[in-house]
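Q:
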Amino acid sequence: MSQRLEPVSSHAPSAVIWVGFIAMCVGMFMAILDVQVVATSLPTIQQAINIDPDQMSWIQTVYLIAEVVAIPLTGLLTRVLTMRWLFVASIGLFVIASAGCAAGSNFNEVVSWRALQGFSGGTLIPAVFSAVFILFPNERQAIATTIAGVLAVLAPTVGPIIGGWLTATYSWHWLFLINIIPGIVSALIAWRSLPRQKGDSSELRHLDGLSLVMMALALTCLELGLKEAPTNGWISPYVLSLLTVSLVSGTGFASRSLQRTRPIVDLHHFRDRNFFVGSTLSFVLGIGLFGSVYLMPVFLAFIRGHNALEIGMTMLVTGITQLITAPIAVALEKRTDPRLLSAAGFAVFAIGLGMSAFQDPRSDYDAMFWPQVVRGAAIMFCLLPPTRLALGTLPPARVPDASGLFNLMRNLGGAIGIAMIDTIIYTRSELLGQALWDQLRAGDLAAATFVGAPEGTITGSPGNFTPDTIAALDPLVQTAASVQAINEAWLVAAVLTGCALLFLPLARPVAPPQ
């Protein structure tokens, strides 16, 4: 491997390097933010370009598919283009695709530009985390990781409020137009500030086209299968076909990659115990982080009836808490074994998820405040230490490939977590509704209070409701059943997050940076 990926300096990085790195972080922030701001305004876009409601989700799905295919290719693209030119090219394409989305007038145009946007944006996250370990010496990596981590986790938090405000104040076009100026500025700054390196064009001559196709097919079918499984059923022929193709293609890709001396993605990284543990923690964090960011808008929109702007204001608590605790996380990460910090972070994060599993149909900002504070305080401890575990002990030449896999695991965890959550909500709501009806007919006052039934409805005629009473109670029962299903989803996410603690004893000790 060429020495071009060795650290730029073993001494304190110059201000120019910091400026270039922050420009990369801004580009990454825009790419993550784009997913959230568009998600809040999909109905508006659907009406504006006059597409069928069942096609609406493809505006988001095609972005996520392209992104998840691009993430593991970051190592290869870094070797070919160098870190500097990969970022400049990626953010440049992201800006062009954003302008194309804003100018799109029909479904095919918007979806095509969204695919390019997702692919170009997909390389930005692992490229930034690679830069942490390539640009900076050991003692500066905690600060750099914190800057990247804060922006990476803050974007989903502030996304709903920004998306709702832009759509309500201006138009849906500004969901994409806001990327243009920051994207151009960050590209120019990175081009001037990041170190010049020499690319390795020989990688293209040894490119394994079949492995590339199998990897793309496996990830695409997995994403599609996870998207369709909650509504179509996990054992439906369509979903089973997608998951089977994903399994076969993924197995073929893994087998072929492990046998080649210059694979597209080096899966041998998983032989490193610390990388395996760190990637597992990243996967689990994806379930809890993406799951919580998904569940809160679902509850606030469908149960409480809030609009995107109100949802964003409520979810801002997590982001503010995260910013407050970030300096504490940096100070501890410099002095403490990352295994201990990871254990504390995932334990607290699991508690924060579990605290949301006791909501009722009237829960709102006040009930969500402290669970968000607990989760926000834990997030940086679930991100910084696992990143050091996974990437901090690897040689710089291996970091770009490893960073792509590490970040891919978080995205896959998020995709699987959301599919799991949707499955719980779709399959459990009806059963929980029937159980609530049985409790109401039995005169259960606790169930009546939870549902919000008017006083006297249950005690006046237990077990013998009139048609008018049934008609009045039915929407309340359906809403209450949905709340119970959402609570179960929170609880499952909390348990799975807590399971991350089981993997930490497998990791080797890692000395904190001096």
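Counting in our numbering, the sequence shown runs from 2 upward without gaps.
For glycine and all other residues, C-beta sits at the position ideal for the given N, C-alpha and C.
Just so we're clear, the structure is a prediction, and the values are computed from it rather than from any experiment.
#1: In or out: Gly457 buried (at least 16 other Cβ within 10 Å) or exposed?
#2: Figure out for me which residue from Leu333, Val63, Asp423 has the closest Cα to the Cα of Pro386.
#3: Grab the span of the alpha helix (DSSP H) containing Gly405 for me, first residue to last.
#4: Can you tell me whether DSSP reads Asn275 as helix, strand or coil?
#5: Indicate whether Gly150 and Met381 have their beta-carbon atoms separated by less than 8 angstroms.
#6: With a threshold of 8 angstroms, are at least 3 pairs of Cβ atoms found where one atom belongs to the segment 84 to 101 and the other to the segment 182 to 202?
#7: Cα-Cα, which of Gln373, Leu497, Ala103 is closest to Thr315?
#8: Starting from Glu140 and walking both ways along the alpha helix (DSSP H), at which residues does that stretch end?
#9: Whose C-beta lies closer than 7 angstroms to the C-beta of Pro231 among residues of the same chain, with five residues either side of it excluded?
#10: Could you give the DSSP three-state label for Val511: helix, strand or coil?
#11: Where Ala486 and Asp267 are concerned, what is the direct C-alpha to C-alpha distance, given to the nearest angstrom?
#12: Report all residues from its chain with a CB closer than 6 angstroms to the CB of Thr388; omit the five preceding and five following residues, and keep chain order.
#13: Which of the three DSSP states, helix, strand or coil, is assigned to Arg389?
#14: To the nearest whole angstrom, what separates the beta carbons of Gly414 and Leu286, a pair I think is in contact under 8 angstroms?
#15: Output needed for Thr394: all residues of its chain with C-beta closer than 7 angstroms, excluding positions within five of it in sequence on either side, in chain order.
#16: Go ahead and label Pro73 buried or exposed: buried means 16 or more other beta carbons lie within 10 angstroms of its beta carbon, across all protein chains shown.
#17: For Ile72, verify whether its CB is less than 7 angstroms away from any heavy atom of the ligand MG.
#18: Within 10 Å of its beta-carbon, does Val39 have 16 or more other beta-carbons around it, so buried, or fewer, so exposed?
#19: Who are the near neighbours of Arg305 in its chain, counting only those whose CB is closer than 7 angstroms to its CB and skipping five residues on each side?
#20: With contact counted as at least three CB pairs below 8 angstroms, one residue from each stretch, are the segment 23 to 43 and the segment 162 to 182 in contact?
#21: Quick one: measure Cβ to Cβ for Leu384 and Phe407, integer angstroms, because I've assumed they're closer than 8 angstroms.
#22: Using a Cβ distance threshold of 8 angstroms, determine whether the segment 256 to 265 contacts the segment 327 to 346, with at least three qualifying pairs required.
#23: Measure how close the beta-carbons of Met25 and Ala143 come, nearest whole angstrom, since I'm counting them as under 8 angstroms.
#24: Starting from the C-beta of Ile288, find all residues in its chain whose C-beta is less than 8 angstroms away, skip the five residues before and the five after it, and write them out in chain order.
#25: Compute the Euclidean distance between the alpha carbons of Ile50 and Pro138, then round it to the nearest angstrom.
#26: I need the boundaries of the alpha helix (DSSP H) containing Pro397, first residue and last residue.
#27: Who are the Cβ neighbours of Asn308 in its own chain at under 7 angstroms, not counting the five residues just before and after it?
#28: Taking just the CA atoms, how far does Asn109 sit from Gln47?
#29: With H, G and I counted as helix, E and B as strand and the rest as coil, what does DSSP make of Gly234?
#30: Classify Leu176 as buried or exposed, calling it buried when 16 or more other Cβ atoms lie within 10 Å of its own Cβ.
#31: To the nearest angstrom, how far is it from the Cα of Pro238 to the Cα of Glu431?
#32: When you compare only the Cα positions, how much space is there between Leu243 and Gly119?
#33: From which residue to which residue does the alpha helix (DSSP H) around Glu456 run?
#34: Helix, strand or coil: how does DSSP classify Asn109 here?
#35: Nearest to Gly226 by alpha carbon, out of Trp19, Val240, Val214, Phe504?
A: Here's the rundown:
#1: With fewer than 16 Cβ atoms within 10 Å of its Cβ, Gly457 is classed as exposed.
#2: Per the Cα distances, Leu333.
#3: Looking at the DSSP string, the run of the alpha helix (DSSP H) that includes Gly405 is 400 to 442.
#4: The answer is helix: DSSP assigns Asn275 an H, G or I state.
#5: Cβ distance < 8 angstroms, so Gly150 and Met381 count as in contact.
#6: As far as the Cβ criterion goes, the segment 84 to 101 touches the segment 182 to 202, which means the pair count is three or higher.
#7: Relative to the Cα of Thr315, the nearest Cα in the group Gln373, Leu497, Ala103 belongs to Gln373.
#8: Note, Glu140: alpha helix (DSSP H), 139 to 170.
#9: Cβ within range, chain order: Ala420, Asp423, Thr424, Tyr427.
#10: In this structure, Val511 counts as coil in the three-state DSSP scheme.
#11: Roughly 40 angstroms between the two C-alpha positions.
#12: Contacts found: Thr146.
#13: Here Arg389 sits in helix by DSSP.
#14: That belief holds up - the Cβ atoms of Gly414 and Leu286 are roughly 7 angstroms apart, short of 8 angstroms.
#15: Asn275, Val511, listed in sequence order.
#16: Buried, because 16 or more other Cβ atoms sit within 10 Å of the Cβ of Pro73.
#17: Looking at this structure, you won't find the ligand MG or any other ligand, since it has none at all.
#18: A buried status is given to Val39, since no fewer than 16 other beta-carbon atoms sit within 10 Å of its beta-carbon.
#19: Taken in chain order, the residues that qualify are Asp365.
#20: Touching, per the Cβ criterion.
#21: With 8 angstroms as the limit, Leu384 and Phe407 do not qualify as a contact, their Cβ atoms being about 11 angstroms apart.
#22: For the pair of segments examined, the segment 256 to 265 was found not to touch the segment 327 to 346: the number of CB pairs separated by less than 8 angstroms stays below three.
#23: About 17 angstroms separates the beta carbon of Met25 from that of Ala143, a gap too long to meet the 8 angstroms contact definition.
#24: Cβ contact annotation for Ile288 (same chain, cutoff 8 angstroms, sequence separation greater than five): Gly414, Gly415, Ile417, Gly418, Met421, Ala494, Leu497, Thr498, in chain order.
#25: Cα-Cα distance, rounded: 50 angstroms.
#26: It is not in any alpha helix (DSSP H) - Pro397 carries neither H nor E in the DSSP assignment.
#27: Cβ contact annotation for Asn308 (same chain, cutoff 7 angstroms, sequence separation greater than five): Gly165, in chain order.
#28: Their Cα atoms are separated by approximately 12 angstroms.
#29: In the structure shown, Gly234 sits in coil (DSSP, three-state: anything other than H, G, I, E or B).
#30: Buried, since its Cβ has 16 or more Cβ neighbours within 10 Å.
#31: If you take the alpha carbons of Pro238 and Glu431, they lie about 23 angstroms apart.
#32: Going from the Cα of Leu243 to the Cα of Gly119 covers about 21 angstroms.
#33: Segment: none, Glu456 is in no alpha helix (DSSP H) and carries neither H nor E.
#34: The answer is helix: DSSP assigns Asn109 an H, G or I state.
#35: Per the C-alpha coordinates, the member of Trp19, Val240, Val214, Phe504 positioned closest to Gly226 is Val240.
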